[in-house]
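Chemist: In our numbering, the protein residues as written are 23 to 314.
Note that the Cβ used here is the ideal one computed from N, Cα and C, for glycine as well.
For clarity, every value in this text was computed on a predicted model and none was experimentally measured.
Mind having a look at this structure? Questions to follow.
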Amino acid sequence: MSLLDRIRACTAHDPARLRPWRIGGTVAGWVTPPVADLLDRRPGPLRPDGGGWRLDERLAGPEARSAALEEVIDRLIEAGLVRKRRDERYPVLAEWGAPLQATVDRGAAVALGIKSFGIHLNGMVEAADGPLLWVAKRAADRALAPGKLDNLVAGGQPAGLSLVENLVKECAEEAAIPAGLARQAVPAGAITYMMDTAEGLRRDTLFVYDLALTPDFTPRNTDGEVESFARRPLAAVLDQLRDTEDFKFNVALVIIDLAIRRGVVGPEEPDYLALCRGLREPTDPPFHHRAG
Numbered sequence: 023m024s025l026l027d028r029i030r031a032c033t034a035h036d037p038a039r040l041r042p043w044r045i046g047g048t049v050a051g052w053v054t055p056p057v058a059d060l061l062d063r064r065p066g067p068l069r070p071d072g073g074g075w076r077l078d079e080r081l082a083g084p085e086a087r088s089a090a091l092e093e094v095i096d097r098l099i100e101a102g103l104v105r106k107r108r109d110e111r112y113p114v115l116a117e118w119g120a121p122l123q124a125t126v127d128r129g130a131a132v133a134l135g136i137k138s139f140g141i142h143l144n145g146m147v148e149a150a151d152g153p154l155l156w157v158a159k160r161a162a163d164r165a166l167a168p169g170k171l172d173n174l175v176a177g178g179q180p181a182g183l184s185l186v187e188n189l190v191k192e193c194a195e196e197a198a199i200p201a202g203l204a205r206q207a208v209p210a211g212a213i214t215y216m217m218d219t220a221e222g223l224r225r226d227t228l229f230v231y232d233l234a235l236t237p238d239f240t241p242r243n244t245d246g247e248v249e250s251f252a253r254r255p256l257a258a259v260l261d262q263l264r265d266t267e268d269f270k271f272n273v274a275l276v277i278i279d280l281a282i283r284r285g286v287v288g289p290e291e292p293d294y295l296a297l298c299r300g301l302r303e304p305t306d307p308p309f310h311h312r313a314g
């Protein structure tokens, strides 16, 4: 596969299959046909509204809305459309920085098609012939992408934490990076993508951070999510990404972005502009109206 194929795999979706649900006048999520069929039969607090649904407008405030959405999640679990709750709350936002509309359990975020956010950290050691990148191997018991290669640190963004607070927490859990060192990570932009999955629609924004590490630093996992770590030249990591299926799907985007920023992939690459555009895919599908 080419690097562009890696991006295409993370941005493949069919807008015509999607139907929206709203909180007030804001689209909060987009659902695929299996979830839509369930909501058509048993809408509960999501009331039919044109081509989609609208959360009961008598529910005022994030807490009441969140409690009502738990009823929807119960039905999704009963129907086998959500495997289980993850006991971590994700914010429901029109966009990053917008007012909190509600929260939902992380396990239902994809089924409900909400915008989800996360942090990914590139841990690097500078060498004379280019950066060395720390790569983590996910534990074999992970529900998502078991055994695949990952960034040194990565995690979803829960409600109630700032990005920096979450970064410090994930650094400690996944790589035993001290808080003071974690806070030296430099924000390096955001990657967005939208993709169909068996569970529903992923609408993800990944906030990317770069952290310079000394040659004597060795990461150590503390939460059981990582099996091992390896430090390799960025160019070699990029070749492995291009030639194998070893990496978790969205990690490919973070590594391609880093390779572009560090000049390992430059304008002479035939797909250069397509790669640059593909890392910033919209996460708002066009609305295809259906009569309700």
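Is the CB-CB distance between Asp293 and Leu25 below 9 Å?
Modeler: Numbered from its first residue, the sequence shown carries residue 293 at position 271. Numbered from its first residue, the sequence shown carries residue 25 at position 3. A contact, by the Cβ cut-off of 9 Å.
Chemist: If you reduce the DSSP assignment to three classes, tell me which class Ser88 lands in.
Modeler: Mapped onto the sequence shown, residue 88 falls at position 66. In this structure, Ser88 counts as helix in the three-state DSSP scheme.
Chemist: Alpha carbon to alpha carbon, how far is Val94 from Val114?
Modeler: Here the question's residue 94 lines up with position 72 in the sequence shown. Here the question's residue 114 lines up with position 92 in the sequence shown. For Val94 and Val114, the distance between alpha carbons rounds to 15 Å.
Chemist: Distance check for Gly66 and Asp151, CA to CA, integer angstroms please.
Modeler: If you number the sequence shown from 1, residue 151 lands on position 129. If you number the sequence shown from 1, residue 66 lands on position 44. The alpha-carbon atoms of Asp151 and Gly66 are separated by roughly 60 Å.
Chemist: For the pair the stretch 136 to 143 and the stretch 166 to 182, tell me if three or more CB-CB distances fall below 8 Å.
Modeler: Verdict: yes, contact present.
Chemist: What number of angstroms, rounded off, separates the C-alpha of Ala90 from the C-alpha of Pro289?
Modeler: For the purposes of this step, residue 90 is taken as the residue at position 68 of the sequence shown. For the purposes of this step, residue 289 is taken as the residue at position 267 of the sequence shown. Cα-Cα distance, rounded: 50 Å.
Chemist: Spell out whether any CB of chain D is found under 9 Å from the CB atom of Arg87.
Modeler: This model lacks chain D altogether, as it is built from one protein chain only.
Chemist: Which residues in the same chain have their Cβ closer than 7 Å to the Cβ of Glu303, if we skip the five residues on either side of it in sequence?
Modeler: For this step, residue 303 is matched to residue 281 along the sequence shown. Thr33, Thr214, Tyr215 and Met216.
Chemist: Please specify which runs of the alpha helix (DSSP H), each continuous and at least 4 residues long, are wholly inside the stretch 158 to 223, giving them in chain order.
Modeler: The qualifying runs are 185 to 197 and 201 to 204.
Chemist: Where does Val126 fall in DSSP's three states?
Modeler: Taking the first residue of the sequence shown as position 1, residue 126 is located at position 104. Val126: strand per DSSP, three-state reduction.
Chemist: Counting only the same chain and skipping the five closest in sequence on each side, list residues whose C-beta sits under 6 Å from that of Ala149.
Modeler: Counting from one through the sequence shown, the residue named residue 149 turns up at place 127. Excluding residues within five positions, none has a Cβ falling inside 6 Å.
Chemist: With a 10 Å radius around its C-beta and 16 neighbouring C-beta atoms as the bar for buried, classify Trp43 as buried or exposed.
Modeler: Here residue 43 corresponds to residue number 21 of the sequence shown, with the count starting at 1. Flag for Trp43 reads buried.
Chemist: If you draw a straight line from the alpha carbon of Asp78 to that of Pro56, how long is it in whole angstroms?
Modeler: Translated into the one-based positions of the sequence shown, residue 78 becomes position 56. Translated into the one-based positions of the sequence shown, residue 56 becomes position 34. Answer to the nearest angstrom: the Cα atoms are 22 Å apart.
Chemist: Let me confirm a value: Arg106 is counted as buried when at least 16 other C-beta atoms fall within 10 Å, else exposed. Which label applies?
Modeler: As a working note, residue 106 is residue 84 in the sequence shown. As written in the sequence, residue 106 is Lys, which differs from the Arg given in the question. Per the 10 Å Cβ criterion, exposed.
Chemist: What's the call for Pro163, buried or exposed, on a 16-neighbour Cβ count within 10 Å?
Modeler: On the sequence shown, residue 163 is found 141 positions in, with the first residue counted as 1. According to the sequence as given, residue 163 is Asp; it is not Pro. It counts as exposed.
Chemist: Spatial neighbours of Arg253 within its chain, please: CB distance less than 8 Å, with the 5 preceding and 5 following residues excluded, ordered by chain position.
Modeler: Residue mapping note: residue 253 aligns to position 231 of the sequence shown, counting from 1. Only Val147, Leu154, Leu155, Trp156 and Val157 meet the Cβ criterion.
Chemist: So which of Leu297, Asp27 and Val273 has the shortest CA-CA distance to Ala167?
Modeler: The residue you call residue 167 lines up with position 145 of the sequence shown. Residue Val273 is the option with its Cα nearest to Ala167.
Chemist: Tell me, to the nearest whole angstrom, how far the beta carbon of Gly73 is from that of Arg41; I am working on the premise that it is less than 8 Å.
Modeler: By one-based count along the sequence shown, residue 73 stands at place 51. By one-based count along the sequence shown, residue 41 stands at place 19. The pair is a contact, with the Cβ atoms about 6 Å apart (cut-off 8 Å).
Chemist: Between the alpha carbons of Val132 and Asp218, how many angstroms are there, rounded?
Modeler: The residue you call residue 132 lines up with position 110 of the sequence shown. The residue you call residue 218 lines up with position 196 of the sequence shown. The alpha-carbon atoms of Val132 and Asp218 are separated by roughly 9 Å.
Chemist: Within its chain, find whatever has a CB closer than 6 Å to the CB of Gly145; leave out the 5 residues flanking it on each side and keep chain order.
Modeler: The count along the sequence shown starts at 1 and reaches residue 145 at position 123. These residues qualify, in order along the chain: Trp156, Leu174, Leu233 and Leu235.
Chemist: What do you get for Glu192, buried or exposed, if any count of 16 or more other CB atoms within 10 angstroms of its CB means buried?
Modeler: Position 170 of the sequence shown holds residue 192. With 16 or more other Cβ atoms within 10 Å, it is buried.
Chemist: Between the beta-carbon of Leu280 and the beta-carbon of Ala210, is there less than 9 Å?
Modeler: Your numbering for residue 280 matches position 258 in the sequence shown. Your numbering for residue 210 matches position 188 in the sequence shown. Yes, Cβ-Cβ distance for Leu280 and Ala210 is below 9 Å.
Chemist: Kindly indicate which residue of Tyr231, Leu223 and Leu98 has the alpha-carbon position closest to the one of Asp306.
Modeler: Reading the sequence shown from its first residue, position 284 is the one you call residue 306. The shortest C-alpha separation from Asp306 is found at Leu223.
Chemist: Can you find the residues in the same chain that come closer than 7 Å, C-beta to C-beta, to Val248, ignoring five residues on each side of it along the sequence?
Modeler: Start at 1 with the first residue of the sequence shown, and residue 248 comes out as number 226. Excluding residues within five positions, the ones whose Cβ falls inside 7 Å are Ala158, Lys159, Arg160, Ala161 and Glu196.
Chemist: For Arg108, name the three-state secondary structure that DSSP assigns.
Modeler: Within the sequence shown, residue 108 is the residue found at index 86, counting from 1. Coil at Arg108, not helix or strand.
Chemist: Identify, in the order they occur along the chain, each residue of the same chain with its Cβ nearer than 7 Å to the Cβ of Ala50, setting aside the five sequence neighbours on each side.
Modeler: Here residue 50 refers to the residue found at position 28 when the sequence shown is read from its first residue. Correct list, in chain order: Trp43, Arg44, Val114, Gln123 and Ile136.
Chemist: Looking at Arg97 and Leu60, is the spacing between their C-beta atoms short of 9 Å?
Modeler: As a first step, residue 60 is located in the sequence shown; it is residue number 38 there, counting from the start. As a first step, residue 97 is located in the sequence shown; it is residue number 75 there, counting from the start. Yes. Within cutoff.
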